[in-house]
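J.: Take a look at this one; I'll ask things after.
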Amino acid sequence: QVRFVESGGGLVQPGGSLTLSCTTSGFEFRLYTMNWYRQIPGKEREMIAQISRHISHPNVYDDSVKGRFTISRDNDKNTVYLQMNNLKIEDTAIYYCNAERRFTWGQGTQVTVSS
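With the sequence shown counted from 1, adding 187 to any position gets you the working numbering.
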């Protein structure tokens, strides 16, 4: 059974930083492209970052987070990370990981940016 466990969210002031983690199980992690998504209540879940299974392929970011967020992965730990810097109020959302939406979603982790 595929499982995603997202963690690391919380309350942070504008300009602050957080690092999210997504620990996975139930599939061959190293063989899959991994993504981070976020969802604001009432809106569609959007993809914000992508990291390929191929080291040579560049990471992909939505324009809204480009230059501020960094996605990375540890294939030995079956974990994907999202380093978020210079957070803005509009980054407030629930954050999820998945492998190109192939599997059932986890619970996500709430990120709230507020002064």
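A virtual CB, placed ideally from N, CA and C, is assigned to each residue, including glycine.
Here the structure is a predicted model, which means the values were calculated and not measured.
Should the region 290 to 297 be called in touch with the region 237 to 253, which here means at least 3 C-beta pairs below 8 Å?
T.: Flag = no, the region 290 to 297 and the region 237 to 253 do not touch.
J.: Please state whether DSSP places I238 in a helix, a strand or coil.
T.: As a first step, residue 238 is located in the sequence shown; it is residue number 51 there, counting from the start. Strand at I238.
J.: Quick check: what's the CA-CA separation for G203 versus A280?
T.: As a position in the sequence shown, residue 203 is number 16, starting the count at 1. As a position in the sequence shown, residue 280 is number 93, starting the count at 1. Rounded to the nearest angstrom, the two C-alpha atoms are 15 Å apart.
J.: So which of Q200, C209, T220 has the shortest CA-CA distance to S302?
T.: The residue given as residue 302 occupies position 115 in the sequence shown. Residue Q200 is the option with its Cα nearest to S302.
J.: Taking L207 and Y282 to be in contact with their CB atoms under 8 Å, please state how far apart those CB atoms are, rounded to whole angstroms.
T.: Your numbering for residue 207 matches position 20 in the sequence shown. Your numbering for residue 282 matches position 95 in the sequence shown. Going by Cβ atoms, the distance from L207 to Y282 rounds to 6 Å, so yes, they are a contact pair.
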